[in-house]
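Per numbering that gives the first Met the number 0, the sequence shown starts with residue 0, numbered consecutively.
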Amino acid sequence: MERNIYAYKCKRCGHVQYPYRTICRNCHENDHNEFDIVPLPKKGKLLTFTHLFNPPSDFSTVFLSLGIVELEDGSRITGQLSIERPTIGMHVRANVEVVRKDEYNQYYGMVFYEA
Ligand SMILES: [Zn+2]
């Protein structure tokens, strides 16, 4: 099963935003029922990134790369990078995977690979 992360598309102006807000950033309407739920695209461009050498203890890794990616629809999302040598502006593709887990839960997020 292919997993997705969902964004909120304004029924009035069509603007897509992520994460959820009760007010559309574009047309400033504030009726929070006026959104359609749409999957975020999985292709985009790497805007910036950083490396964490001491991630929190609930990450099962000693090294973590995080990036901010501008997706094809203009949304921006933070995700893990599974790219050996990331460069700003490179094209990436995402997969929704478990990025963190504790005793009872697992948390999904976008993991980006070189496109
Ligand atoms: Zn709107």
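From the three backbone atoms N, C-alpha and C, an ideal C-beta is built for every residue, glycine too.
Terminal residues of the beta strand (DSSP E) in which residue i lies
{"i": "Glu96", "result": "His90 to Lys100"}
{"i": "Met109", "result": "Gln105 to Glu113"}
Cβ-Cβ distance between residue i and residue j below 8 angstroms
{"i": "Arg92", "j": "Lys41", "result": "yes"}
{"i": "Tyr106", "j": "Val97", "result": "yes"}
{"i": "Leu70", "j": "Leu46", "result": "no"}
{"i": "Val110", "j": "Gly88", "result": "no"}
{"i": "Gln16", "j": "Tyr5", "result": "no"}
{"i": "His14", "j": "Arg24", "result": "yes"}
For residue j and residue i, believed in contact at Cβ under 8 angstroms, the rounded distance
{"i": "Arg99", "j": "Phe58", "result": "6 angstroms"}
{"i": "Tyr112", "j": "Ile82", "result": "6 angstroms"}
Under 8 angstroms, with one C-beta from each stretch per pair, do the region 57-68 and the region 28-38 reach the 3-pair mark?
no
> Going along the chain, which unbroken runs of the beta strand (DSSP E) with 3 or more residues stay wholly within the region 6-76?
Replying inline: Those beta strand (DSSP E) runs which fall completely within the region 6-76 and span 3+ residues are 34-38, 42-51 and 63-70.
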